[in-house]
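These notes concern the structure reproduced below.
Protein chains: 4
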Amino acid sequence: MPIVLSHPFDDDELHEECGIFGVTGVQDAANFVALGLHALQHRGQEAGGIVSYDQAAGFSEARRFGYVRDNFTKASLMETLPGSLAIGHVRYSTAGSKGTTAIRDVQPLFAEFAMGGCAIAHNGNLTNAVALREELIRHGSIFQSGSDTECIIHLMARSIQKTIPERIKDALRRVEGAFSVVAMTRSKLIGVRDALGVRPLMLGRVGETGWVLASETCALDIIGATFEREVEPGEMVICTEEGVESFFPFQRVKPRFCVFEYVYFSRPDSVIGGQSVYETRRRIGEELAKEAPVEADLVCPVPDSGTPAAIGFSQQSGIPYAMGIIRNQYMGRTFIEPTEQIRNMGVRLKLNVNRAIVQGKRVVLVDDSVVRGTTSQKIRDMIMDAGAAEVHFRIASPPTMWPCFYGVDTPDRSKLIAARMSEEEIREFIGVDSLKFVSLDGLYRACGAEEGRDPRAPRFCDACFSGEYPVRPSDMIDTGFKLKVVA
Amino acid sequence: MPIVLSHPFDDDELHEECGIFGVTGVQDAANFVALGLHALQHRGQEAGGIVSYDQAAGFSEARRFGYVRDNFTKASLMETLPGSLAIGHVRYSTAGSKGTTAIRDVQPLFAEFAMGGCAIAHNGNLTNAVALREELIRHGSIFQSGSDTECIIHLMARSIQKTIPERIKDALRRVEGAFSVVAMTRSKLIGVRDALGVRPLMLGRVGETGWVLASETCALDIIGATFEREVEPGEMVICTEEGVESFFPFQRVKPRFCVFEYVYFSRPDSVIGGQSVYETRRRIGEELAKEAPVEADLVCPVPDSGTPAAIGFSQQSGIPYAMGIIRNQYMGRTFIEPTEQIRNMGVRLKLNVNRAIVQGKRVVLVDDSVVRGTTSQKIRDMIMDAGAAEVHFRIASPPTMWPCFYGVDTPDRSKLIAARMSEEEIREFIGVDSLKFVSLDGLYRACGAEEGRDPRAPRFCDACFSGEYPVRPSDMIDTGFKLKVVA
Amino acid sequence: MPIVLSHPFDDDELHEECGIFGVTGVQDAANFVALGLHALQHRGQEAGGIVSYDQAAGFSEARRFGYVRDNFTKASLMETLPGSLAIGHVRYSTAGSKGTTAIRDVQPLFAEFAMGGCAIAHNGNLTNAVALREELIRHGSIFQSGSDTECIIHLMARSIQKTIPERIKDALRRVEGAFSVVAMTRSKLIGVRDALGVRPLMLGRVGETGWVLASETCALDIIGATFEREVEPGEMVICTEEGVESFFPFQRVKPRFCVFEYVYFSRPDSVIGGQSVYETRRRIGEELAKEAPVEADLVCPVPDSGTPAAIGFSQQSGIPYAMGIIRNQYMGRTFIEPTEQIRNMGVRLKLNVNRAIVQGKRVVLVDDSVVRGTTSQKIRDMIMDAGAAEVHFRIASPPTMWPCFYGVDTPDRSKLIAARMSEEEIREFIGVDSLKFVSLDGLYRACGAEEGRDPRAPRFCDACFSGEYPVRPSDMIDTGFKLKVVA
Amino acid sequence: MPIVLSHPFDDDELHEECGIFGVTGVQDAANFVALGLHALQHRGQEAGGIVSYDQAAGFSEARRFGYVRDNFTKASLMETLPGSLAIGHVRYSTAGSKGTTAIRDVQPLFAEFAMGGCAIAHNGNLTNAVALREELIRHGSIFQSGSDTECIIHLMARSIQKTIPERIKDALRRVEGAFSVVAMTRSKLIGVRDALGVRPLMLGRVGETGWVLASETCALDIIGATFEREVEPGEMVICTEEGVESFFPFQRVKPRFCVFEYVYFSRPDSVIGGQSVYETRRRIGEELAKEAPVEADLVCPVPDSGTPAAIGFSQQSGIPYAMGIIRNQYMGRTFIEPTEQIRNMGVRLKLNVNRAIVQGKRVVLVDDSVVRGTTSQKIRDMIMDAGAAEVHFRIASPPTMWPCFYGVDTPDRSKLIAARMSEEEIREFIGVDSLKFVSLDGLYRACGAEEGRDPRAPRFCDACFSGEYPVRPSDMIDTGFKLKVVA
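Residue numbers (my numbering), protein chains in the order written: chain A, 861 to 1347; chain B, 861 to 1347; chain C, 861 to 1347; chain D, 861 to 1347.
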């Protein structure tokens, strides 16, 4: 089965590709966006952008590589983004051309139409972007970026509708895939979720008259906004100072929210679908302890993402919880390793075993997921070097066996260890005393589906675990990718 | 009681002023130093420096503001630091002139003597530096930095001893205060601790013939070095490829290691005095739970420093442990707040309450210490806003009532809340349902002194809690500072 | 007569807006382009860009603000521009939106068409760009820059021709104004001049098989290329390794080369229309000496642009030539003046009078042109302060009375001193003993038209002096600009 | 005759090592210093520094690599340099350790003495600095820089005099060599010249009460100061708001001003020793035309330094003056050449022949000096390639045969072409039709010594031409350098 997918990044974690945020009806809206993006930084660290609108200054825009805190906090920059309406975006990387991102690929994108300007940012991935782009170029569109989002812009430019919201509807009816979108005109803040609602989008209120759209609730908290409701799957909301209008431009289907948002992507202090992300993860740990109990002295998380599940495992099993691995808080994503010597030290720059704690102990290690398995190996080595008597891996998600086409950067399928090996083979490869993944049913139970997963109508998008893709990844099929099931 | 101390930084945490590291007998020693300093970054984030020696290139030096990972990882810089012998330093800030640090204040300092070059770096604070500096200037020394360490250099320059190690002894016999020193000549790596051993200094082995000196054991772990022993209070070690020579140049006295290293400064994965720092902190939590029990639903740490004590409190009390407050991992020390609006949001940039978890619950919050009380107030506000039913603060150290003169940056005594208020007044000021500090005896017990603190011969320097200063802070006395007790 | 023109820059010199360069058939073509642009830096100092093509790497592009020497000389950058075919551009400023240039406005622009990529750069100005842009947006084009050149790109995208050269012809037939263009496909280097040939474009050979296009011959010299011929007005050349093809896609008209290129823009070591620029300027000085003789002790240039005419004036008049004003060679365009104090010193940062030389002397000062008159006033002050007995201004061009719409940045007409005052009034305003401009006939004679200017068929575009515009500035007419004469 | 001198820079020009400037009695003195240093930038382009004193802020200092205009013009920097008294320095390079300059080597140096702070900057070179440094280190001084000037500071620190001016005298009596010094205390601006007065130092007045010290008069002009007089050889002046005090601390000897300041270093608009530098250079050209006439069509300068002499040559000989070589005004000192290809193009990046002017002509080329001869060769190649019929080199200084030890960076003697070859051999090496240097007598005549050079008592230091060193270069003698004559 020849598979020809390639991805720009090849490390051992999955990465969300975006966080989005918009606000209207507040003074210095760009400052709010900066704060919201800071709270969403875990969804994308490569670059960020903000567009604002002010009646006197018109549309203003800024795009920068690097963290929000290092760019969008300088008064000199923020002063260039005046107005009471603004949207922003943080990105991880691009499926764009040539592997490296140009600053022009950084969203929000902005375009001037005959009826006025429009800025747009999206979280997700369009599965027919390649085909759309080819078609648009054939008709005279000039693409300036490698970003999917630019297809939406060009589709809008060619729409014969008279208003920007109508043109957005026109354009989004032509795209396939998973997307949550925030957009703005001179007077409107607009939010849209695809029909399945794969990516999250929250609606909040701020101050007397302000409205906020954000990928997660933690971004409402940081600006003191109150959570109003989620934008519904397939819904378009238009927020102005007069209030919120709601539209449903797409064919209605049963929603399929991304279950991996619960497992790893979202922040533990966010609430999605009425459920605390932290609490969900803690419950996954409880499910794991029930499904895969073990005799041991300590339960230790692989920090930081394994922590809530490790707490749940400890509480369910009665085995004491301990910080057996310590994370260096000064580790950035840009520790450039100068010599072969240091490169070989790998993960120890970031993590160190708390030797005095684990020595001679039987340790349960709880991690959120296993992608390639190489990190798990290194962690196992570290903890054995420190003298642990036994190591039992417990993974707070089912085996990751399939790539995501809906906005998550997954390695080539051939690199996914669970696509190639059974649970027992993985255990042997990593070299631990036992290894267990939570079951798909267990995961669903922790996420609030008491009965587990209903195979005829699963509540979530779980394609990375099940291979059942709810939206045809058209561009990929052209490259020869064989799908197990297409919904 | 008029007190006239002022400190350059005025925020609500105590800060260690330095971390030191040295290595000999390895290829590309500066790379090892960079890694060691990265592991010690929590001891100082303002700047770092490395000096190396190579027979062909002589002494090479580099000093940079900012994190180790951002500077001492670039091949272009590291190539300028060749050789098999190197030392380094990270610093928090200076007691130096004019509040801002110049790059020339960044250690290690280097000087060329008639018998060859010497680089030197120290962690601690000289309590007679002002007087020494005046005396040296009167005799024709020209000071180039605001650093205490330069006094040591000038004292060495005026010594009539023939070798650098002897000159170091001469110089260190003239200084007062707390210090751990690493120094290097063309062939020797030298480590010294003051007679009381206030600051830590560890000796390790690396490879076949290499020796390492480091402030903490976590810096040995990162380079795969093995812990040999601590440099003893009052000891000078001279490490060469032939081995380690040991000297005791100072009058011997009973050691007084800094107890705050256990409470806050050191990393939880370090071992000091044969005790795991993590485990000590966990035990402080247990002591707290015994000394100050409370009925509650959840035990939550103020992250990250309160975490081990919160785990201990939970284990002792049986109250479930939970991450009720989430720390934004992308928070740097340089989040410049652009507007009044944002400035007022304060601590929420860094911390967010996990609203869904704490709502309606009686919460025990465990923090490592209370300095000014302002952060505690903000955390209390956050957690009450999130709907907690009750808030009980438990502090894993006794009230911080006195400034440190031995290398820790403490605010003016008038700013220390515990110097002005009783425990009950602090509780009222912060506005919580209950508030308790661990007792000094409880702290000593957690640190391994089963019998608690022996008031006639305390095992640790605890001046910040007790006001009993084991070394006369001469310079401070001249400014009118009244001491409670001078050892 | 209400005139509503505004220009982004308001200083007292005219500025060429661009220099262009292209080369094919040489190894590391981008290096040649960097050198060529360095030689053309006087035509634009704000920013520069290079696009290259290599079969393996495809199209590569780099755009930078600042001097060529500071950017396009770093091996690390130049290595990213491989291939044997490359074009480049230096720009002064943009007539673009909002006064400040974005990096995306920096040429060459690049677009991917169905039949392959094309990069394009132009020198000149399109006089119907505003109207074209509106029309293109109405039909769904999305503009990404404020650059005129982007109109050409979108016109090409909408052409139904099958090859890029044909699409370029299609597009250029739709634009009005003055332009010299260099463009490139994967295999062709293309050059075009508008029908009047307002802006220069030179064709040269380099090595065995290489071809070069450049704004001026000085850019051929720097790479050791030999001058072949000028691209003719209205000609398109297509250079490949097989040779040069020539086309004439536009209606043929009598050429009107910009006379100001001789007066000021071009470098003195360039040859245009078979005439040495230096020699032409020297002859303008001779004409001036004949038309406006004066008794004096010294002839001094206003450096550096007045130098050749001053030499000619001295040679014709017999009055000794001297460097009475010295230019500070370390003056950049970015001397930011820190205080009111220094701002008032103005021109002295750049120029200083050679006091010992001019004291007590009757001085003839020769300058290339007078735009607003403010600089002339300051120079007059300087030279009088230094004790000159008399000051006689001689200007090596006729009065500049009309704005340029063909690629030169001219101030608002109301700011042009010669549009508001007679020669005598200007003399009084500046405050000198005498002031004379060369006549338009004298200028034509120096440029090789022995008989002077033929009013029925002038050989040059001299609209800035005569107000006779050979191409309708359509966009300007819409703003209410009244033309004296439209050809 | 083995000679073992080495110099850090190896190119084909001589370089002055410094320019100095000081001012007192004006508001925002540092702004004046910035302007003065900008005017003196030709004396040193590597780095610059300013120290200012303000009663409230104390001493402030800033040092930067790069041009004055790029650093000391930013309001943000200049605001950190308050006060009405300031001094500054620009440097070319250092005779310092290891070839590369550290920022700490950049003057003015500053030191805190028991009686207050003192900043000091000097132009020149101490010929016994190596010996002094060794002696000072033996007595406990710690050197922080590679700068000669630090010897002066340490000598001052060890003086038992009570005031800083007296300590400066003490220190300067111990040093040998050539120096002009500006220094400042909290209230005094101090200037000193060595007994021979080798380097220039000018005194001026500014405003009602202000005093200025500057290397050249052009730096007085830029701030609108009036020239008062030169500081005399061997004089110390102390300027305060009360006026100027004068002292003569050294043994009086006959002055020997550096003749090369006239030939090349000083700016043409400066006046030294009552003589215009421009006029002196023009007269050297006249002398050359008398001493070495030739039949030719054009006299062309090698720009820019050969220009005044070329004008003089033309005026004396009647041969027309022309700009046959054009200098690229955008050439910086930092054009990094990316490829072998470009490296071989060498001088053409900076200079281009005005081909149309020189073709078929017999050209006299006038240059200021010949150091290694390699540049002359390249210029000859350029001008022959352009088709000149004959090339006659005329050099406006005698053959440069000996290194300078008084503050000018000269290459190793073995690299000086005139130390190895006769005039005829040089002509052949360069490959021109004729080549003549002006005679030493001719040079003296142009400099105002009507009778030429008096060999028993030469008026100038001309060691670079004559090998007669007026001050023993002690440090050099120790390295084995054989002197022809020591005065």
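C-beta: ideal position from N, C-alpha, C; glycine also. Computed from a predicted model, the values in this text were never measured in an experiment.
Chain-ordered, the chain D residues with CB closer than 7 Å to the CB of P1168(C) read M1183. When R1222(A), V990(A), R1313(A) are compared, the shortest CA-CA separation from S1326(A) is found for R1313(A).
Non-local beta-carbon contacts of A1246(B) in its own chain, meaning distances under 7 Å to residues more than five positions away in sequence, involve V1213, R1215, V1218, Q1219 in chain order. The beta carbon of E1036(B) lies closer than 8 Å to those of L986, T987, N988, V1331, R1332, S1334 in the same chain, with the five residues before and after it left out. Under the DSSP assignment, H1014(C) falls in the alpha helix (DSSP H) whose first and last residues are 1009-1018.
In this model, L941(C) and K1029(D) are separated by some 60 Å (Cα to Cα).
Here the stretch 912-929 of chain C makes contact with the stretch 961-970 of chain C; the two share three or more CB pairs at distances below 8 Å. Annotation for K1048(D): I1098, T1100 place their beta carbon closer than 6 Å to its own, counting only its chain and skipping 5 residues before and after. Proximity to Q1135(A) across V1154(A), R1089(A), G1094(A), P1093(A) peaks at R1089(A), based on C-alpha coordinates. Contact annotation: E1151(C) and V911(C) have beta-carbon atoms that are not nearer than 8 Å.
With its beta carbon at least 8 Å from every one in chain A, Q1176(C) lies outside the interface. Comparing alpha carbon positions, the residue from E995(B), F1117(B), Y1181(B) closest to G1267(B) is F1117(B). In terms of beta-carbon proximity, H902(C) stays away from the interface with chain A, with every pair separated by 8 Å or more. With a threshold of 16 other beta carbon atoms within 10 Å, Q1004(A) meets it and is buried. Cβ-Cβ distances below 6 Å link P1161(B) to T1167, A1170, V1226 in the same chain, with the five nearest sequence neighbours on each side left out; the list follows chain order. A1149(A) is the residue among L1209(A), I1082(A), A1149(A), L1211(A) whose C-alpha sits nearest the C-alpha of Y1181(A). M1016(C) counts as buried, since no fewer than 16 other beta carbons sit within 10 angstroms of its beta carbon.
When 9 Å is used as the limit between beta carbons, L1209(A) is near these residues of chain B: L895, H898, A899, R929, I1082, in chain order. Pairing W1262(B) with S1075(D), the inter-Cα distance amounts to about 56 Å. H898(C) carries a helical assignment under DSSP once its states are collapsed to helix, strand and coil.
Approximately 6 Å separates the beta-carbon atoms of L1211(C) and R1187(C); this is inside 8 Å, confirming the contact. The DSSP-derived three-state label of Q1135(B) is strand.
Among the residues facing chain D, P1109(C) is not included, as its CB has no counterpart in that chain under 8 Å away. Residue G1172(D) holds the alpha-carbon nearest to the alpha-carbon of T1140(D) among L895(D), G1172(D), G896(D).
Counted as a single uninterrupted DSSP element, the alpha helix (DSSP H) harbouring Y1304(B) occupies residues 1300-1306. Secondary structure within the stretch 1069-1094 of chain D: the beta strand (DSSP E) runs of 3 or more consecutive residues, fully enclosed, are 1070-1074, 1086-1090 (chain order). If you look at C1324(C), you'll find it isn't in any beta strand (DSSP E); it sits in the alpha helix (DSSP H) that goes 1323-1326.
Against chain D, a Cβ distance below 8 Å from D1164(C) picks out Q1189. Taking 8 Å as the upper bound for CB-CB distance, L897(A) and G977(A) are not in contact here, some 21 Å apart.
For R1287(A), the enclosing alpha helix (DSSP H) stretches over residues 1283-1290.
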